[in-house]
Amino acid sequence: MKKLINIYQLGAKELRSLFHDTVLLIAVIYSFSFGIYSAANGISHELHNTAIAIVDEDRSPLSRRIADAFRPPYFRQPQLIAIEAVDAAMDSGLYTFVIDIPPDFEKNVVAGRYPELQVNVDATAVNQAGIGDGYIQNIIGGEIREFIQGFRGPAPLPVELLTRVKFNPNLTTSWFVSVMELINNITLLSMVLTGAALMRERERGTIEHLLVMPLTPFEIMAAKVWANGLIVLVAAGLSLWLVITGLLQVQITGSIPLFLGGTALYLFSSTAMGIFFATVARSMPQLGLLFILIVLPMNILSGGSSPRESMPEILQTIMQFAPSTHFVTFAQAILYRGAGFAVVWPNYAAVSLIGAVFFIAALARLRKSITLSI
Amino acid sequence: MSGMPDDIARVAGLSHRYGKVFALAGVDLRIPAGCTAGLIGPDGVGKSTLLALIAGVRRIQQGSVAVFGGDMRNPRHRRQSCPRIAYMPQGLGRNLYMSLSVFENVDFFGRLFGQSRQERKWRINELLTSTGLAPFKDRPAGKLSGGMKQKLGLCCALIHDPDLLILDEPTTGVDPLSRRQFWKLIDRIRARRPGMSVLIATAYMDEAEGFDWLVAMDGGRILATGTATELKSRTGANDLDTAFIRLLPEEKRQGHQSLVVPPRAKDGDGPPAIEAQELTKRFGSFTAVDRVSFTIERGEIFGFLGSNGCGKTTTMKMLTGLLPATSGSARLFGQAVDAHNLETRKRVGFMSQAFSLYTELTVRQNLLLHARLFHLAPKRIAGRIDELVGRFALGGYLDVSTESLPLGIRQRLSLAVAVIHAPDMLILDEPTSGVDPVARDQFWELLIDLSRHQGVTIFVSTHFMNEASRCDRISLMHAGRVLASGAPGELISSRNCQTLEEAFIAYLQEAERDDMAVSAPDAPLAGAARERFGGNGAPAPAFFNPFRLLAYARRETQELSRDPIRLVFALLGTAILMLIFGFGITLDVDKLSYAVLDRDQTPESRVYLENYAGSRYFREKPPLTGYDSLEQRMMSGELQLAIEIPPGFGKDLKRGRQPVVSVWIDGAMPFRGETMKGYVQGVHLDYLSQLALSASGGKPRLLPAGIETRYRYNQDFKSVNAMVPAVISLLLVFVPAILMAVAVVREKELGSIANLYATPVTRLEFLLGKQLPYIGISMFNFLVLVAMSMLIFRVPLKGSFPALACGALLYVTVTTALGLLVSVFTRTQIAALIAAFVLTLVPATQFSGLITPVSSLSGAAAVIGKNFPAGYFMSISVGTFTKALGFHDLTAQFTALACFIPVLLVLSLVLLRKQEA
């Protein structure tokens, strides 16, 4: 009972300190509001404003028709350039696509001579090139067919393909990016807040002050975990409600309480990691450098920014030990696919286990860390 | 020197404030030349500010300062007089570089003053010999004792034969023997160079007795000036301490009376409060505390007297259980000290050296927090707090944030917090350092009251002699050992001395004789250097001197090479991040898991599905059993793709009835979903082509024209080919910028930035000198990254390597300059780190073409992209790697990068101050 009171009192002090630190508070508010909003609207994997040029050697109604078919928002207004200018323009990255319509293209199409039209793709713009190629094929095909048949639509095929996209039918990027940004920010802020809180106490000597009082390291750490975890959890909940489902109109399929419950477990492990690294580093700047080397990989390799199955096996295996991987997995399962507890419990267990390991490791180090020179 | 005015410095109407606080309030002062002048007064009365203003390292806000007869507001005069002034800031070794050796430190200053190798060697040798530092030439400054650090600081200050030596509290926290040696050294130097003026601030009144002329200061004003004798006779006091208190204005002296310590009533029952036996603490090879034994009786005031770093704090920490002892034992109230014993802790109150309460909380909140943590009964808390507030006179400050309290009040609050649970024992580690004499006496009144009236045992450490003499018994500590223990009177009489200080020195000398015979050798021939090397010991001031620049570059390299964490980050950081980004930011979509719901199970359906099984993009999982399992397995994320072949597919196909194959795609990750859609379409079309081929033997034509896609530059269309060169650009902006920013701000935090203010080095030399090593490191990183790209990621370099390398050189010059600019704005390393991180990473990942090509950006994003260097180097990197480009094709990018350099440097130069604000 006394233990619980101590943990409560110390945590309340932690909250008071945080509300006093305007800079950190602004960082939290910014990351969970504007930060998420701008990321959702800024990073786009969709085709947007793609720079395209056309070399029209045909100058026929059909070639003009093709040129006119490329329109915003997917494409910028196509630029007409001469064939000699193609190499230099592509070398300097002015256009991702350059379409070359050969002389007598229309005539040959009408005559059924099957002419070939060339699409030059700057394959160094991997994302745009990959998605844009399909769009361009469809647009040109549609224009040619309409020109010949007088109507749009494909010729009948022996086997039809019906593609359905589950969970995000229109493949809206902002649905994905906003939630993943939320997850990245949860990782970053929970670790930074807790780590910095302990480091500040070490640098100011208040941690020694606590350790000579009738308090145990467990109580001191548990207080930091609940207080900083709570701040991030509340901020994340508000962000999910106001920014993600409110402002950005993202459709959340699954149970938000289930997700927040899992987030609480995850916060236990991320705050424990923050404390652990604050016992390893010797000063605030060292902690900062350490966090860069730890938080960046945790966010990038956890599957929140690019598909995990395409990474090398060894990296996938290593990342099984990072709690963020499990967090991303269950967050995607719950929020996008509407999964229930039966599906996500293994991830919950993994997150708790990793958290416990770091918590115990930090507990073992806390006393020792104060002897490290600052 | 001829033509020297009678006053070395004249100060008129000088006021200086920090925020709302006045450090100096209208000071008028003339300091005579050719003598040792001392500023006396406690901490925070404006001594340091006055010295910094006279030295020219702080900008004058109001009033005037003339040194050597010239106006210190005038930058020209400052530049000319700078080589004639030496300034040693407050704090042990504040202007030194702790990781550099003794020799390297002095050598660095010699280089800053443009001395030749020969001259430096001669001077350093002479200075180190005369200060007794010669045997420790190769020891890092950080590992010197406090006294030695101050001697080294003095060597650095004297390397250029200054005419005015300004020392800010050079002996605070130094043991009395070293202090005495330090003053003898100053005397000898003055004897050889009588023309030199010395200006010293000190908080020790006994030292000030030996100065030629004194200025007593309080509250930013001058109380009195004159010789020590004059001051004493004016106030009718026997010593300067009393004289100073009598000079104070009436309201400050209020209630102050000479402190009387009533004798202790003996009560010998029970075990002693503290019993330490052979306590030893080693950190690695360094022995901080060496076989210390002592016993403290209950109700006694026991003092530890010793210099900074002599092991007082470490011993106290062992007694509180904060540090485990390496060997030996300690008992509190008869019980062995155990870090896990919460019961003993309730009987002890502890006050650590630095103020360690929560500054963000108010006085009341701090008291409440501790009352609750000690589990005082809730009903008693309010009463107890009232009682303490009354006794410690905190009434006026209850709801004030502790951050804004004066030091003396803070210490009273710390004590109040330490006794809130009415402990039987108090352990106080230097509770009064930095507190003015009146507040110190008030603090001691409280201690005496606790001891004599409440029977609290008090264990206190101090480096003030007069405080130690108030204790019942003391231990003299030096270099981790207890030299002697006993009542102050006994110790004095046992060495036949007059004062405790003399006794302490006697004990120290005995100890040193046992250790090693370091007798201070003869004084240096400091004046001779001028005749030998000509000039006045300093080169003509110049705007730009490459040697000073190189001195800074050299020192930065030495420092960096001795800081393991920064070094690892500098040399390996990019390589580690390259592995992570290179493998992590992949835009390849492959190894997609799929499962099949084949309701037909005919040869025709199997032919259709073979196309998936054969593709490198897909991996087959066990087949689906129905819609339920499809739903379930896609929901868990096990499958990214599900394919359903309808019943009768084979039959319908043969009869031309257009069967429909259904495909479900996981759209949770939109970019992957979009790509998968394309793959599925492709597989389907392949199948149709095969179908047509086997039916007609001809090529199927779904369109009347062919569309040929030519993937240029990256024929295999692998993400790694584009991503790796782009990542090089990303890493070479953010790692160098962070390292650079931290490197400059570190000097601000550690205080060595003072050397920029106090030596002839110009801002440009300082900035470029700091930048040079990081350009080198970044180029090393660049080579490592290129090698990694080619060897690990197998991305061939198709274009010109010289072009790439030149681009990289320009680029890292720009990115380190960006770090410099960040460092000018920030004050703490952590702020510099975060600012550099955020300011580089966001524009470099979002607006420089990493994911979205620059050509597709619009609005603010496009503007940021164009005004940030990363995009230009990304073009160079991607261009040379994948597009086989050379110098000629990249002229525009080179020009753009080159333009950033002068702009950033000029901005940093303009914003960096050569004087402190």
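Residue numbers (the numbering used here), protein chains in the order written: chain A, 47 to 420; chain B, 153 to 1069.
Even glycine gets a Cβ: it sits at the ideal position worked out from N, Cα and C.
In this text, all values refer to a predicted model and were calculated from it rather than measured experimentally.
Taken in chain order, the complete beta strand (DSSP E) segments of 3 residues or longer contained in the segment 530-582 of chain B are 577-581. For the pair Leu513/B and Ala161/B, the Cα-to-Cα distance works out to about 44 Å. Check the Cα spacing between Thr1032/B and each of Gln123/A, Thr170/A, Ile147/A and Ser316/A: the tightest is with Thr170/A. Residues of the segment 369-388 of chain A with a C-beta less than 8 Å from any C-beta of chain B: Thr375, Gln378, Ala379, Tyr382, Arg383, Gly384 and Ala385, listed in chain order. Taking a C-beta distance under 9 Å as the contact criterion, His615/B and Gly458/B qualify as a contact pair. Looking at the DSSP output, Asn166/A shares a beta bridge with Val144/A and Arg862/B.
The criterion of a C-beta distance shorter than 9 Å is satisfied by Thr726/B and Val887/B.
Taking 9 Å as the threshold, the shortest C-beta distance from Gln332/A to chain B falls below it.
Around the Cβ of Gln270/B, a 10 Å sphere holds fewer than 16 other Cβ atoms; the residue is exposed.
Residues of the segment 236-251 of chain A with a Cβ closer than 7 Å to any Cβ of chain B, in chain order: Arg250 and Gly251. In this structure, the alpha-carbon of Val69/A lies about 52 Å from that of Gly638/B. For Met250/B, there is no enclosing alpha helix (DSSP H), as DSSP gives it neither H nor E. With fewer than 16 neighbouring CB atoms inside 10 Å of its own CB, Ala388/A falls in the exposed class.
Between Asp742/B and chain A, the shortest Cβ-Cβ separation is below 9 Å. Burial state of Met357/A is buried, judged by a 10 Å Cβ sphere holding 16 or more other Cβ atoms. Proximity to Arg758/B across Leu891/B, Ala906/B, Leu252/B and Tyr839/B peaks at Tyr839/B, based on C-alpha coordinates. Only residues of its own chain outside the window of five on either side were considered, and among them Arg111, Ile112 and Ala115 have a CB closer than 6 Å to the CB of Glu189/A, listed in chain order.
Considering only beta carbons, the part of the segment 160-177 of chain A lying closer than 8 Å to chain B consists of Tyr160, Pro161, Glu162, Leu163, Gln164, Val165, Asn166, Val167, Asp168, Ala169, Thr170, Ala171, Val172, Asn173, Gln174, Ala175, Gly176 and Ile177, in chain order. Cβ-Cβ distances below 6 Å link Ala353/B to Leu191, Lys199, Leu203, Asp320 and Glu321 in the same chain, with the five nearest sequence neighbours on each side left out; the list follows chain order.
Proximity of Gly158/A to chain B, defined by a Cβ-Cβ separation below 9 Å, is satisfied. Using a Cβ-Cβ cut-off of 9 Å, Ala327/A counts as an interface residue toward chain B, since at least one Cβ of chain B sits closer than that to its own.
For Val367/B, the enclosing beta strand (DSSP E) begins and ends at Trp365 to Asp370. When Cβ-Cβ separations below 9 Å define contact, Met267/A makes no contact with chain B. In the DSSP assignment, Pro292/B forms a beta bridge with Ser253/B.
The Cβ atoms of Lys303/B and Thr283/B lie closer than 9 Å to each other.
Per DSSP, the continuous alpha helix (DSSP H) segment holding Ala1012/B begins and ends at Gly1011 to Lys1018.
The three-state secondary structure of Ile374/B, taken from DSSP, is strand. Taking 9 Å as the upper bound on Cβ-Cβ separation, chain A lies near no residue of the segment 349-360 of chain B.
Residue state for Arg210/A is assigned as strand, using DSSP reduced to three classes. In terms of CA proximity to Arg411/A, Arg248/A leads the group Arg248/A, Ile364/A, Leu294/A and Leu239/A. At least one CB atom of chain B sits nearer than 9 Å to the CB of Glu355/A. In the structure shown, Tyr239/B adopts extended strand secondary structure according to DSSP, grouped into three states.
Per DSSP, reduced to three states, the secondary structure at His630/B is strand. The way I'd put it, the segment 175-195 of chain A doesn't touch the segment 799-809 of chain B; fewer than three beta-carbon pairs between them come closer than 8 Å. Chain A has no Cβ within less than 9 Å of the Cβ of Ile905/B. Remark: fewer than three beta-carbon pairs, one from each stretch, lie closer than 8 Å, so the segment 887-898 of chain B and the segment 739-758 of chain B are not flagged as touching.
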